[in-house]
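Numbering (mature numbering (1 follows the signal peptide of the UniProt record, and there is no 0)), first residue to last: -28 to -1, 1 to 600.
Positions of the beta carbon are idealized from the N, C-alpha and C atoms, including for glycine.
Predicted model, so just to flag it, every value in this text is computed and none were measured.
Inspection log for the structure reproduced underneath, given as structure tokens.
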């Protein structure tokens, strides 16, 4: 059945969604023998000295550069920047706390690896960072009890602040800026703007106050919190300034760029950092002994993993470890951290869409994060294709499951297909041990969810096949069932009693999107997945389609909270039906509601305009706490 009312469409978003649509799916997938193991050269190797590191980085960068600088992979980013099979332990379920009221946490991919978000709660306090201001709310009295203007901190963070992690009485604010501090700015090539990632450690025991700061050259890729240890991943591009010669030939431009690389020092690749402890300021740079490399690398980017103990009084230097590689996907569990990204093309300076498509390979680096402190490198591997997001990765019983799409842009995607591969660590290599290919020929992956020994993959072009997979035997994964419906699910969430909820877009038979679609699937019979109910809002979209942190599900009550256009729509899932509870809106032009959480039976929604407390059973407003 279909319910819902039309809402104003967000034109740009719907146009983007429509462009993703387009030929019918092809034959059903079939298991294939596992591919041959990759060469042992895919291990990470440490440099013996700074001289060796500089020579290797210069050589790799020189081989990768073209007339227009470094060429990105054929697809630099696919997604917008699995829990256990028991839905009670799934992300969004209530967290245990001594005397804290029942509350929901961030909708994380893995229950034992917390992810940064713009709102956090421990049941006793709600901490948000929106509009460049950190606020602390007491959910019991429904009052703002603390406020910290991040534009007035030293160094100032301001509107760049977007996410935070919470541990005990401390919050770690993660931000990205554009102006670097003097110690870092002095190291960059003349005339080249640089960016830095910024971290603030905030004490919440009284009025919020900054007790430590950290800055490092590069962009904040992502972070994970396991126990009290926060691992922060920084992506740094080589700080090289290539001149532009308008009348030069491509060969001359390439030669000039290589001369720039040959003259660059090690500081062009190894990021500098600064950290403060009270009034004391410390500076440093990632050491050459902390840098490793895969056998094949471009010299264009460096990944750095920082480790901070949020139970300590200060941040320290982050104990950095770096890899001469690139990644746009971070996936973490309580035991491991994975960094995954596209392998750069073979031909430097080649156009993105040339006569021959660049090789599509995703490289994956695994680190051991089971113990506090600096992570330990374990293994590196590669798989054909690209990842939709971190949900395309899943660690389970010593294996890594990876879902990818290989796409041929020259044929308009008609020759694309997807696969799920299973990797296992063998020494320093993530070696493939099993695979099932042929998923959604002529389509691409829109969502993936791995839940223990089963998995679900949604592909789409005109119709939406939902594939159910049996992953019990790592060497022989297989498709057990397939359901074809119109539209697609961009996010999949496990529910109790063998059900699965999909959030995405409805579409017509030609693949043209028609608005928000919430689908309730019955997946108890792996051979015959079916749709029990559908909720449709014509012309609408939800940010949960591309950001799972915007999704809230409470298993005890069946409550689902979804941002829909500028408000939150409350739904209730009971048995085999989806019913609407009502909308929750915020006032003002900054009232687009992005997050929802439950604390002590009260629904809290968050926007730039403020926080609203509501009755989750009726959507009735209980209190409004404006940002100003």
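Query	Result
Cβ-Cβ distance between residue 92 and residue 120 below 8 Å	no
Reduced DSSP secondary structure (H/G/I, E/B, other) of residue 521	helix
Between the CA atoms of residue 500 and residue 556 - distance to the nearest angstrom	36 Å
Whether residue 505 touches residue 471 by CB criterion (8 Å)	no
Integer-rounded CB distance, given that residue 580 should sit under 8 Å from residue 599	7 Å
Alpha-carbon spacing of residue 399 relative to residue 264, whole angstroms	16 Å
Closest Cα partner of residue 90 within the set 358, 103, 81 and 434	103
Stretch-stretch touch, CB-based, cutoff 8 Å, three pairs: the segment 222 to 232 with the segment 356 to 365	no
N-terminal and C-terminal residue of the alpha helix (DSSP H) that residue 227 is part of	222 to 235
Residue 237, buried or exposed, once every other Cβ within 10 Å from all chains shown has been counted against 16	exposed
Alpha carbon of residue 1 to alpha carbon of residue 452, nearest angstrom	Note that residue 1 has pLDDT 41, beneath the 50 cutoff, so the model's placement of it is unreliable and no number is given.
Spatial neighbours of residue 420 in its chain, beta-carbon cut-off 6 Å, leaving aside the 5 residues before and after	363, 364, 375 and 429
Burial state of residue 379, where buried means 16 or more other Cβ atoms lie within 10 Å	buried
Contact belief for residue 522 with residue 575 at Cβ below 8 Å, rounded distance in angstroms	Going by Cβ atoms, the distance from residue 522 to residue 575 rounds to 14 Å, so no, they are not a contact pair.
Collapsed DSSP secondary structure at residue 397 in the structure displayed	strand
Residues bridged to residue 602 (per DSSP)	The chain is shown only over -28 to 600; residue 602 falls outside these bounds and no answer can be derived.
Buried or exposed (CB count within 10 angstroms, at least 16 for buried), residue 38	buried
Distance CB(residue 390)-CB(residue 431) smaller than 8 Å	yes
Residue of 569, 351 and 590 minimising C-alpha distance to residue 111	569
Residue 433 versus residue 409 - alpha carbon distance	18 Å
Nearest-angstrom beta carbon gap, residue 443 and residue 449 [assumed within contact, 8 Å]	5 Å
Sequence-distant residues of the same chain with beta carbon closer than 6 Å to residue 588, five excluded per side	531 and 575
Burial state of residue 216, where buried means 16 or more other Cβ atoms lie within 10 Å	exposed
Classification of residue 332 by the beta-carbon crowding that lies within 10 angstroms, buried from 16 upward	buried
Of the listed residues 457, 475 and 463, nearest to residue 482 (C-alpha basis)	457
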